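Please read the structure below before turning to the comments.
2 protein chains.
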Amino acid sequence: MFDRLEIPIIQGPMLGATAAAIVIAVSNTGALGSLAASSLPADRMRAAIAAIRAETTRPFLVNIFVLEPAHPDPAEVRAAMQRLAPWRERYGLPAQSIPNAWAESFADQFDVLIETAPPVVSFTFGCLSAPQVAALKGRGSYVIGTATTLAEARAWAAVGADAICAQGFEAGGHRGTFLAPVRQSLVGTIALTRSIAAELDLPVISAGGITDGAGVAAALALGARAVQIGTGYLLADESLANAPWRRAIETAPDDATQLTRAISGRYARGIENEFMREMRAVEDDIPAYPVQNALTQELRAAGARANSPDALSLWAGQSVKLARKGKAADITRDLWREAREVMKRNAERWTA
Amino acid sequence: MFDRLEIPIIQGPMLGATAAAIVIAVSNTGALGSLAASSLPADRMRAAIAAIRAETTRPFLVNIFVLEPAHPDPAEVRAAMQRLAPWRERYGLPAQSIPNAWAESFADQFDVLIETAPPVVSFTFGCLSAPQVAALKGRGSYVIGTATTLAEARAWAAVGADAICAQGFEAGGHRGTFLAPVRQSLVGTIALTRSIAAELDLPVISAGGITDGAGVAAALALGARAVQIGTGYLLADESLANAPWRRAIETAPDDATQLTRAISGRYARGIENEFMREMRAVEDDIPAYPVQNALTQELRAAGARANSPDALSLWAGQSVKLARKGKAADITRDLWREAREVMKRNAERWTA
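Protein sequence lines correspond, in order, to chains A and B.
Residue numbers 1 to 352, in this note's numbering, belong to the letters of the first sequence in order.
Residue numbers 1001 to 1352, in this note's numbering, belong to the letters of the second sequence in order.
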């Protein structure tokens, strides 16, 4: 698969920010665009994949979350709703009712992957079974598993994944962790990439904290076959990030991001805002993903409509201050030009 | 200073593991050896610096901690001693008495730096004042401040430091954090290096998670002027790491390291052992460095004598599985050869 990429950069799948347009733009440069599909019901997922195929003949990636159906304790849900009530009031929302469904069906989404056979598929939040991986490969899809620890990379290798996406501690958005607790599964991108490359005979994709060309060159030096960049595309013209999210990125203070599970029930990295700070004390009591995510959905939408960042998911990685604006294709080509300049300059300086 | 290094590698100062011999060996290769001096009284510090000067004409570094005198609450100290009592019993130690001093005097150590004027000095755990930095520079020393966040790097820049050592989240041993709480000051090496390089007009040294040549090449790609390696020297012949510490490194399981403040009262990264696990629940109650550090000193020494890793400080960074044995000079030259091979190969592959 990597041989088909002219540019070893993957635009990371980001829920709420990436849809078909950016995938097409990035893939058409010779890099790899990614569709964040986990929030899509089967028919919209099918339609998005068809839209991408209509506009590019190059490889593209579709990412979904590996999720079990949620069966939350009603008392836990009520407590979570009570915590959110003052926030809903602030944005003029009515009293909350329990959602009809907590998340899209993983089984249905998996069936769409089998049916549509995207060139590249990647998975987060869990590990597939060996038969599931074999089924995807049988359809011609290249299968990437997301790992936040060496142990998780071994789990993906054991079920036959083609490659590992090493999600470092620095990465924005949700932690993909699925074996040990998240707080014990925080490994930096350098260490994670090198450990997996040293221990496993699988291609590694580095993700986390890489937002400019120097970072791309660094990840390739670590032995990554490709570099996944998320935050670096959030300000792209084709990004769907809403106005307060964009503004938070453009004005991010020093050391702006923190991990939180307050917004979705799963640890994720974002620019710290009032909601994250207020919920920190009760963070461990919040229901697990996807329950809290579903419960905060209307609130986040209302916050975005009010142009307020206070209750939004301002997902961003630790190199957020390096994010840049422009067309996704230009960003991709600029990142790659800069990376090549760094590689050339360092080789000339140190190996001549 | 960096122009005087033939190899842009700094052997990191590691308390308990590095003394004059490894500094001499590394500096004589053309890289930069570092003396970890913060545990030394003034006369031993003076002697170690003289010993280094007797054996090398090349630059070397002396590191101390920036510490205020400790005045712990007696009740807090008693509670800490009670927690340690069963552990002392396990290793046959008598009931603990309160140490005569909690730590060596920073003021005395600083005076030794002014008196002896090492070519390079670096500081951890705090920030000097501008007059202190000016005094060191007036003696001809090159002054490096350790920063774990961009805000801390700015603090060092404001007092006139010559360079910043960017200590990423992945690094082994003590966190140098001195502004915000440690749990909110965890930035990965890639993001920290890039952020500081982008925002400040000072040379950056990358530290954290770098233990092999690929990591060195990656840090140089990030724009680091030099790369600090600690864990990568712990198994060196000249390392003073004790037998159980070495064994723990050689047999480290996957994802072995965690942050703890149980051992010294200051967050540090090490291979998780029984003491760290047992103390996790009471970790926030433990007296701050240097008090807990002084209280566990005899216990750690007894553990080492008993050849037991259970109560030791097994400091190591996240790339611990990549540490290698051998003479420090050979390790240095091998790391640099590998780094240059990576730079050459990637430039040929991607920029030809």
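Note that the Cβ used here is the ideal one computed from N, Cα and C, for glycine as well.
Keep in mind that this is a model prediction, so the values were computed, not measured.
What is the residue span of the beta strand (DSSP E) that residue i lies within?
{"i": "residue 261/A", "result": "Unbroken run through residue 261/A: none, as it is neither H nor E."}
{"i": "residue 124/A", "result": "120–124"}
{"i": "residue 269/A", "result": "268–271"}
{"i": "residue 34/A", "result": "33–36"}
Let's see if you can read the secondary structure: which residues bound the alpha helix (DSSP H) around residue i?
{"i": "residue 1292/B", "result": "1291–1295"}
{"i": "residue 275/A", "result": "274–279"}
{"i": "residue 61/A", "result": "Run containing residue 61/A: none in the alpha helix (DSSP H); it sits in the beta strand (DSSP E), 60–65."}
{"i": "residue 138/A", "result": "130–138"}
{"i": "residue 204/A", "result": "Taken as a continuous stretch (DSSP letters only), residue 204/A belongs to no alpha helix (DSSP H), being part of the beta strand (DSSP E) at 204–207."}
{"i": "residue 190/A", "result": "189–199"}
{"i": "residue 21/A", "result": "20–27"}
{"i": "residue 1248/B", "result": "1243–1250"}
Exposed or buried, which one is residue i when buried takes at least 16 other CB atoms within 10 Å?
{"i": "residue 1098/B", "result": "exposed"}
{"i": "residue 1138/B", "result": "exposed"}
{"i": "residue 346/A", "result": "buried"}
{"i": "residue 238/A", "result": "buried"}
{"i": "residue 1162/B", "result": "buried"}
{"i": "residue 1082/B", "result": "exposed"}
{"i": "residue 227/A", "result": "buried"}
{"i": "residue 282/A", "result": "exposed"}
{"i": "residue 4/A", "result": "exposed"}
{"i": "residue 48/A", "result": "buried"}
{"i": "residue 1255/B", "result": "buried"}
Out of the options, point me to the one whose CA is closest to residue i's CA.
{"i": "residue 1105/B", "options": "1042/B, 1260/B and 1294/B", "result": "1042/B"}
{"i": "residue 1247/B", "options": "1312/B, 1036/B and 1051/B", "result": "1312/B"}
{"i": "residue 1128/B", "options": "1260/B, 1182/B, 1063/B and 1194/B", "result": "1063/B"}
{"i": "residue 1301/B", "options": "1069/B, 1263/B and 1269/B", "result": "1263/B"}
{"i": "residue 1195/B", "options": "69/A, 239/A, 298/A and 257/A", "result": "257/A"}
{"i": "residue 1156/B", "options": "1189/B, 1135/B, 1202/B and 1271/B", "result": "1202/B"}
{"i": "residue 1232/B", "options": "1260/B, 1173/B, 1259/B and 1279/B", "result": "1173/B"}
{"i": "residue 1349/B", "options": "340/A, 124/A, 144/A and 119/A", "result": "340/A"}
{"i": "residue 11/A", "options": "59/A, 45/A, 47/A and 46/A", "result": "59/A"}
{"i": "residue 252/A", "options": "84/A, 324/A, 153/A and 168/A", "result": "324/A"}
{"i": "residue 102/A", "options": "93/A, 68/A, 134/A and 133/A", "result": "68/A"}
{"i": "residue 170/A", "options": "318/A, 3/A and 268/A", "result": "318/A"}
{"i": "residue 80/A", "options": "53/A, 315/A, 297/A and 307/A", "result": "297/A"}
{"i": "residue 1175/B", "options": "1061/B, 1006/B, 1065/B and 1235/B", "result": "1065/B"}
{"i": "residue 1322/B", "options": "1230/B, 1307/B, 1343/B and 1274/B", "result": "1230/B"}
{"i": "residue 165/A", "options": "199/A, 146/A, 306/A and 182/A", "result": "146/A"}
{"i": "residue 1335/B", "options": "1217/B, 1306/B, 1143/B and 1084/B", "result": "1217/B"}
Mapping the DSSP letters down to three states, classify residue i as helix, strand or coil.
{"i": "residue 1213/B", "result": "helix"}
{"i": "residue 1220/B", "result": "helix"}
{"i": "residue 1102/B", "result": "coil"}
{"i": "residue 1052/B", "result": "helix"}
{"i": "residue 1005/B", "result": "coil"}
{"i": "residue 1091/B", "result": "coil"}
{"i": "residue 1232/B", "result": "helix"}
{"i": "residue 1146/B", "result": "strand"}
{"i": "residue 117/A", "result": "coil"}
{"i": "residue 1011/B", "result": "strand"}
{"i": "residue 1324/B", "result": "coil"}
{"i": "residue 160/A", "result": "coil"}
{"i": "residue 1167/B", "result": "strand"}
{"i": "residue 306/A", "result": "coil"}
{"i": "residue 1226/B", "result": "strand"}
Whose C-beta lies closer than 8 Å to the C-beta of residue i among residues of the same chain, with five residues either side of it excluded?
{"i": "residue 1149/B", "result": "1177, 1179, 1180, 1185, 1187 and 1192"}
{"i": "residue 265/A", "result": "286, 287, 288, 289, 290, 291, 292 and 293"}
{"i": "residue 1151/B", "result": "1179 and 1180"}
{"i": "residue 1276/B", "result": "1258, 1260, 1262, 1263 and 1270"}
{"i": "residue 1303/B", "result": "1091, 1244, 1309, 1310, 1311 and 1312"}
{"i": "residue 1094/B", "result": "1088"}
{"i": "residue 1084/B", "result": "1096, 1295, 1296 and 1299"}
For residue i, collect the residues of the same chain with a Cβ closer than 7 Å to its Cβ; drop the 5 residues on either side in sequence, then sort them by chain order.
{"i": "residue 1224/B", "result": "1193, 1204, 1205 and 1206"}
{"i": "residue 36/A", "result": "13, 14, 15, 18 and 63"}
{"i": "residue 1045/B", "result": "1037, 1109 and 1112"}
Using a Cβ-Cβ cutoff of less than 6 Å, which residues in the same chain neighbour residue i once the five nearest sequence positions on both sides are dropped?
{"i": "residue 113/A", "result": "121"}
{"i": "residue 1130/B", "result": "1159 and 1160"}
{"i": "residue 1025/B", "result": "1238, 1328 and 1329"}
{"i": "residue 1021/B", "result": "1238"}
{"i": "residue 338/A", "result": "213"}
{"i": "residue 39/A", "result": "15"}
{"i": "residue 6/A", "result": "30"}
{"i": "residue 1197/B", "result": "1204 and 1223"}
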